[in-house]
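What follows is a set of notes on a single structure, which appears directly below.
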Amino acid sequence: MKLTLIKPNIGRREHSLYVDEGRMEPLPLGILAALTPDDIEVVMYDDRMEQIPYDEPTDLVAVTVETFTARRAYEISAEYRKRGVSVVMGGMHAMLIPDEVERHCDCVIVGDAEPVWAQMCSDFRAGRLKKRYAAVQPSCPQEGIIARRDIFEGKGYLPITLLQFSRGCSHRCSFCASSVYFGARHFCRPVDEVVREIKSQKRRLLFFVDDNIVCNHAKAKELFRALIPLKVRWVSQGSMDMLADRELMELMVKSGCLGLVIGFESISPQCISDMRKYTNKRAASDMYSHEIAELRKWGLQTWAAFTVGHDGDTVESIRATCDFAIRNKFTFAAFNILMPYPNTPLYERLEKEGRLLYGGKWWLHEEYRFNYSSIVPKNMTADELTEISFDCRRRFNSARSIFVRAFEPHTNMRTPYRFLTYLMYNPLFRKEVFKKQGLRFGLEEAKGDDR
Ligand code: SF4
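Per our numbering: the sequence shown = residues 606 to 1056.
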C-alpha cells in the first residue's frame, strides 16, 4: 500500500510554482509518516514548492487543512477523488469546522491524529474506512514518536529543524484558534523524548513550533535544563509573562534561545483588555517599556506579532503601532489583520454583530484575497484596514527600516551570528510581504501566455 501526504499552498497559479520564502518543513506530515505502519510506503508533496503528480499511483492521500489553505486543499482532494483515490483530511481547520471538511473528503480526522491514525490505516486496508474519526486529545502528544524527516529531503526547505515540545496554551485570547482547538489546555511531551528527537537529526538550529513554549514555567525549565548540554540554538513562540520569572529566563538563554515570536498584539491597553490577552495587561499600560528592556538585557531577538483591526484601533493607532515596532528595533514584526477563524469567540461575536464579510466563509470565497480584511472594523472601512496593515508590513520591511533596526547592540548586533541571521532573514521576509499580498486562494487558472 502507498500513502501520499500533501501540504497544500494558500493559492497558486496554474503551471507555475509559488515558492514560499519562509519555507519550513511541514512537521505534522513528518509525524504522520512516523505514525504510519512500516509496510506502507509513504511519499510527501508540498504544494508550496512543487507540482502535485496527481497521476502517480497511490492508494490513499492525506491532506492537512488549515483555514488559509482550505480552498486549495479541497481542490487537491477533488483531483484525487476524480481519479478514484480516497482522501483523508485533518488539521486545525478540520477540528474547527469538521462538517465542512467532511464534505470534501472520504474521511476526516477531528483532533490530533496520533490516537486514531493506525486504526484509520487498518480500516482503510480492510475496506472499512469511516467517514469521521474523533480523536481524544492525548495528554502526552507525539508519545514515543520521532518525526520522519527523510520525507523532507531534497525539497529545498530552510536549514532549520522544526519540532514540538508542547501543544496548546492555557490562555484564552479571544481571537486564538489554537485556544479553541486545545480547549485552553497545554500538553507537554516528556523531555527525554524531545532530547532523543534532537539527537536523531544533525542540525543544531531548531524551531520549536509550540503555541507557547513557556506556558508552563516548571515544564519549560525542565526542557531548557536538558537542552543546555546539547549546545543547540533555538527559536520558538512565547508569551510576555515569561519575563517575570528570572530563573526561567536564565535557563532559556543558557539553553541557546536566540529569540521568540511574542504576541504584543496591540499597544493599546483597551484593545489588550478587549481581546482578553491577560499576559500583556500590565505591560501594555506603559508601552511595554520594561519588557523591551528585559528582552534586550537577555539578548533575545524578538519577532513582535501584532494583530490589527480591533474595535479600539484606528488608522492612526495602527500607524503608531508600526512606528513603535520600528522605533524599538524589533528583529522581525508581523502586522496581521484580525482574522475570524470559524468557531472562535471572535467569529461568533462578529457574526452576531453582522460584521463578517464574504458571507462569513472568507476562506472559501472566490473574491477573498490573502491579507485582506474579512471583517467590518469599527473605526475604518475594511479597505482602509487592508491598506494600513499592508502599509505597516511594507514600512517595517523597507530597506531603510532594515538598516535602522540593524543597529540594536543588545540583540541584532550582539554577535556576528545574530547579525548574519538578521541580514539573511529580513530581506527574505521583505520579499514575502509583496509576494503574498493579495494572493488568490486556491488555483488561479493560467491565461494565454502564462503557460
Ligand atoms: S497566549 Fe498566544 S497561544 Fe495562548 S491563547 Fe493567547 S494568542 Fe493563543
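Glycine included, C-beta positions come from ideal geometry on N, C-alpha and C.
| With DSSP run on the structure shown, which of helix, strand or coil describes M1018? | If DSSP states are grouped into helix, strand and coil, M1018 belongs with coil.
| message | Could you give the first and the last residue of the continuous beta strand (DSSP E) run that contains L1044? | response | Run containing L1044: none; DSSP gives neither H nor E here.
| query | Within the present structure, is the beta-carbon of N948 separated from the nearest heavy atom of the ligand SF4 by less than 7 Å? | reply | In this structure, N948 has its beta carbon at no less than 7 Å from each heavy atom of the ligand SF4.
| Can you tell which of K957, I877, A831 and M847 has the C-alpha that lies nearest to the C-alpha of V866? | Nearest option by C-alpha distance: M847.
| message | Considering only the alpha carbon of each residue, which of L637, V814 and T766 lies closest to C726? | response | Among L637, V814 and T766, the Cα nearest to that of C726 belongs to L637.
| Rounded separation between S922 and L990 - CA only | The straight-line gap from Cα to Cα measures roughly 11 Å.
| request: With a cut-off of 8 Å on the beta carbons, I'd call W903 and T936 a contact; round off their distance for me. | output: Cβ atoms of W903 and T936 stay farther apart than 8 Å, at about 13 Å.
| request: Have a look at I803, N821 and V920 and flag the residue whose alpha-carbon is nearest the alpha-carbon of W839. | output: Of the candidates I803, N821 and V920, the one whose C-alpha sits nearest the C-alpha of W839 is I803.
| Comparing alpha-carbon positions, which option in F1012, D717 and F1034 lies nearest Y786? | Looking from the CA of Y786, the closest CA among F1012, D717 and F1034 belongs to D717.
| field | Status (buried if at least 16 other CB within 10 Å, exposed otherwise) for I833 | value | Exposed is the call here.
| task | Provide the residue span of the alpha helix (DSSP H) that contains T926, from first to last. | result | Here the alpha helix (DSSP H) through T926 covers V920 to R932.
| task | Take the Cβ of P1032 as the centre, count every other Cβ of all protein chains shown within 10 Å, and call the residue buried at 16 or more, exposed below. | result | That one is exposed.
| Contacting residues, own chain, Cβ-Cβ under 7 Å from R998 (five flanking each side not counted) | Spatial neighbours of R998 in its own chain (CB-CB distance under 7 Å, excluding positions within 5 residues in sequence) are listed in chain order as F940 and V1038.
| said: Tell me the rounded alpha-carbon separation between F770 and V666. | reply: Roughly 27 Å between the two C-alpha positions.
| message | For the ligand SF4, I want to know if H915 counts as a neighbour, meaning its beta carbon is within less than 7 Å of at least one of the ligand's heavy atoms. | response | In this structure, H915 has its CB at a distance of at least 7 Å from all heavy atoms of the ligand SF4.
| query | Using CA coordinates, which residue listed in L811, G749, K687 and Y946 is at the minimum distance from S860? | reply | Nearest option by C-alpha distance: L811.
| message | Less than 7 Å separating the Cβ of K826 from some heavy atom of the ligand SF4? | response | The answer is no for K826.
| Closest by C-alpha distance to T577, when choosing among A683, R772, V858 and K882 | With the chain covering 606 to 1056 only, the question about residue 577 has no answer from this structure.
| said: Using a 10 Å radius around the Cβ and a threshold of 16 neighbouring Cβ atoms, would you call V819 buried or exposed? | reply: The C-beta of V819 has 16 or more other C-beta atoms within 10 Å across all chains shown, which makes the residue buried.
| request: Return the residue from the list D916, I657 and V706 that minimises the CA-CA distance to L969. | output: Measuring from the Cα of L969, the nearest candidate turns out to be V706.
| Cα separation between N614 and S978? | Taking the straight line from one Cα to the other gives about 20 Å.
| message | Counting only C-beta atoms, is I765 closer than 8 Å to chain D at any point? | response | Chain labels in this structure do not include chain D; a single protein chain is all it has.
| message | Suppose the cutoff is 7 Å on Cβ atoms and the five residues either side in sequence are ignored; what does the same chain contact list for R960 look like? | response | Sequence-distant partners of R960 (beyond 5 residues in either direction) whose C-beta falls short of 7 Å from its own C-beta, in its chain, are I980 and V981.
| Which residues in the same chain have their Cβ closer than 8 Å to the Cβ of I993, if we skip the five residues on either side of it in sequence? | Counting only Cβ-Cβ distances below 8 Å, and skipping sequence neighbours, we find V913, V920, I923, R924 and M985.
| On the premise that A782 lies in contact with T949, defined as a C-beta separation below 8 Å, what is that separation, rounded to the nearest angstrom? | Yes, T949 and A782 are in contact; Cβ-Cβ is about 6 Å, under 8 Å.
| query | Expressed to the nearest angstrom, what Euclidean distance is found between the alpha-carbon atoms of C778 and P662? | reply | Using only the alpha carbons, I get a separation of about 44 Å.
| task | With DSSP as the reference, please indicate the residues paired to T912 in a beta bridge. | result | Note: T912 sits in a beta bridge opposite N941.
| request: Work out the CA separation of A675 and A683 for me, nearest whole Å. | output: Rounded to whole angstroms, A683 and A675 show a C-alpha spacing of 12 Å.
| task | Measure the Cβ-Cβ separation of D879 and D916 and say whether it is below 8 Å. | result | Cβ atoms of D879 and D916: closer than 8 Å.
| query | Is the closest heavy atom of the ligand SF4 to the C-beta of G868 under 7 Å? | reply | It does: the Cβ of G868 is within 7 Å (strictly closer) of some heavy atom of the ligand SF4.
| task | Out of R794, A889 and A910, point me to the one whose CA is closest to G843's CA. | result | For the residues R794, A889 and A910, the minimum Cα distance to G843 belongs to A910.
| query | Which of helix, strand or coil does DSSP assign to D1055? | reply | Low local confidence applies: a pLDDT of 42 at D1055 is under 50, so the model's placement there is unreliable, with the coordinate-based value given in what follows. D1055 falls in the helix class under three-state DSSP.
| message | Does the distance between the C-beta of D816 and the nearest non-hydrogen atom of the ligand SF4 fall short of 7 Å? | response | At a cut-off of 7 Å, the beta-carbon of D816 counts as near the ligand SF4: some heavy atom of the ligand is closer than that.
| request: Please find out if some non-hydrogen atom of the ligand SF4 comes closer than 7 Å to the beta-carbon of R777. | output: Because some heavy atom of the ligand SF4 lies under 7 Å away, the Cβ of R777 counts as near it: yes.
| task | Give the secondary structure of K807 by DSSP, where H, G and I count as helix, E and B as strand, and everything else as coil. | result | It is coil, neither helix nor strand.
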